[in-house]
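Residue numbers (the numbering used here): 802 to 966.
C-beta atoms are modelled at their ideal positions from N, C-alpha and C, and glycine is treated no differently.
Each remark here refers to the structure printed beneath this line.
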């Protein structure tokens with residue numbers, strides 16, 4: 802789907818300056834225990850399926866919408882697994898600070914495939930053969946797959962630079 806119109810509109814006013822935005826990420830495993838990742842079209846990196854929460858939209862609704870848009874899968878959130886803020890600079894210089902809610906999800910229907918122009922590829926990966934992932938994706942995955950089902954967060958006073966790569 803690309804960048805929502807309201808963000809395009811804000812960028813006309815602020816240029817590449819920092820925007821604080823809500824986002825969601827999905828940790829999705831299949832019956833074989835493999836993890837679904839998408840290869841981003843903006844920078845070519847692999848990541849968990851993620852996207853913006855649009856104005857007036859609930860995070861779980863945004864999650865289901867983003868996964869369907871990017872992968873063609875219908876998912877159901879199992880639980881919210883993380884709440885973390887992280888910076889991101891896009892290749893065009895746009896800077897964002899995302900307040901990201903991570904969710905563990907289960908597949909309800911569909912077959913994973915590239916479904917829009919935001920992904921170059923979507924693929925299931927065995928957990929012991931994941932591609933290189935940034936620290937945000939690794940953190941979201943770790944919180945979603947841990948035995949403690951309480952949503953994970955970084956302790957008070959932690960900055961993003963304190964999070965190990």
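Check: Counting Cβ pairs, one atom from each stretch, are 3 or more of them under 8 angstroms apart for the segment 896-909 and the segment 822-829?; Outcome: yes
Check: On the DSSP bridge list, what partners appear for residue 899?; Outcome: 822, 887
Check: For the segment 940-948 against the segment 859-867, do three or more pairs of beta-carbon atoms, one drawn from each stretch, fall closer than 8 angstroms, so that the two count as touching?; Outcome: no
Check: Can you give me the C-alpha to C-alpha distance between residue 880 and residue 894, rounded to a whole angstrom?; Outcome: 33 angstroms
Check: If you follow the beta strand (DSSP E) that residue 922 is in, where does it begin and where does it stop?; Outcome: 920-926
Check: Which of the three DSSP states is assigned to residue 878 in this structure?; Outcome: strand
Check: Between which two residues does the beta strand (DSSP E) carrying residue 838 extend?; Outcome: 836-841
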